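K.L.:
Got a structure here, written out as structure tokens. Questions coming.
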Amino acid sequence: MDKYNIEEKRINIIGAGNMSYAIVSGLINSNYKKDLITVCAPSTENRNNITKLFGIKNSSSNIYYSDQADVLILAVKPQSIVSVCHDLNKINLSKKIVISLLAGISTNILINLLKQNNINIIRVMPNIAIAVNYGIIAIYAISNDINSINFTKNLFSKMGIIYQLNNENDIDIFTVIVGSSPAYFLFFMEEMQKKIESMGVNQCDAYNIIINTINGIIHLSKLNNHNTFNKLRELISSKKGITELAISVFKKENISSIIANAIDVSMNRIKNLKNINTF
Ligand SMILES: NC(=O)c1ccc[n+]([C@@H]2O[C@H](COP(=O)([O-])OP(=O)(O)OC[C@H]3O[C@@H](n4cnc5c(N)ncnc54)[C@H](OP(=O)(O)O)[C@@H]3O)[C@@H](O)[C@H]2O)c1
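When we follow my numbering, the leftmost residue of the sequence shown carries the number 15, and every step to the right adds one.
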């Protein structure tokens, strides 16, 4: 049997938070066998929630299922990586694929922390929409192990659209524009909902109006022949009309610079994560 058959690898996910939930959901939606997936984290509550929802096994130990797994997916906050690697160094990682989802933690930092030779590390930066198989996923691998890279690409391609990167620095850009940006759009939607409700529309209608507006825009965008949104927006904001007036308020408040500042602040934070003390 093919050693890299996507159905045959045992995957242990370290961390039982938002991303772990999204990956387990995406894997199970794409018919990955649930008895090949395990999860581990310190607190019982998050682990048990994932077990209850998806019927996969869990452990409080980072070592127990990691030792048996072919693939380890690191889904903890960057601040926890030192302690996780300390645990993983108690097992032999040489035949495993180590997939890191961590923002800002470079392959070199991981190599320094996992003090073992020839570790197969692949960085993957997904967004939360992998939970419903509509994610965007950036992949960067320092190693030339084609089988591991292909396995990882196959695994994640079932959960969304893959961008394979040649330069590790680009993963920081994807962290912000792919990993974080769903929250920016959701924040705008939250604020829109508040305003719509304050105008007397009930919560349920306000929620559905926003979803359906976005759904309509997505469909229109797919028919748009231009690779920009400007022309489409101009169809709605006719000269001297009420929409143009609203857009002029956004412009006056300098929304462009607000968006750029927010992204720059995130990029700077990622750069600071690179200074994590690995010793
Ligand atoms: N959220 C996103 O949309 C997103 C997108 C792209 C990338 N990422 C990356 O994915 C990673 C996880 O993010 P998240 O949003 O899933 O975080 P999260 O919801 O805070 O989950 C972190 C998980 O790590 C567990 N953990 C903490 N210390 C641990 C340790 N020593 N050993 C094992 N598990 C430990 C926590 O355990 P408890 O359950 O016990 O608290 C928790 O289950 C981050 O590095 C982030 O950069 C996230």
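Each residue gets a CB set at the ideal place from its N, CA and C atoms; glycine is no exception.
Note that the structure is predicted; figures quoted are calculated from it, not measured.
#1: In the DSSP assignment, find the unbroken alpha helix (DSSP H) run with M33 in it and report its ends.
#2: Whole angstroms are fine: how far does the CA of N63 sit from the CA of G193?
#3: Along the alpha helix (DSSP H) that carries Q207, what are the first and last residues, could you check?
#4: If you check the beta carbons only, do A339 and A36 fall under 8 Å apart?
#5: May I ask you to report which of helix, strand or coil DSSP gives M139?
#6: Given 7 Å as the limit, tell me if N126 has its C-beta closer than that to any heavy atom belonging to ligand 1.
#7: Could you check whether A152 and F188 sit closer than 8 Å to each other, using their CB atoms as the reference points?
#8: Below 8 Å between beta carbons: does that hold for I125 and I135?
#9: How close, in whole Å, do the beta carbons of Y154 and E182 come, if the pair is a contact with beta carbons under 8 Å?
#10: Apply the 10 Å Cβ neighbour rule to N226 and answer buried if 16 or more other Cβ atoms are within range, or exposed otherwise.
#11: Please identify the residue among E204, G230 and K109 whose C-alpha is closest to the C-alpha of C218.
#12: For A155, write down the residues that DSSP places opposite it in a beta bridge.
P.N.:
Result, derived from the coordinates:
#1: N32 to N43
#2: 23 Å
#3: S195 to S212
#4: Not covered by the structure: residue 339. The range shown for the chain is 15 to 293.
#5: strand
#6: Taking the Cβ of N126 as the reference point, every heavy atom of ligand 1 lies at 7 Å or farther away.
#7: yes
#8: yes
#9: Indeed they touch by this definition, with Cβ atoms about 5 Å apart.
#10: exposed
#11: E204
#12: I136
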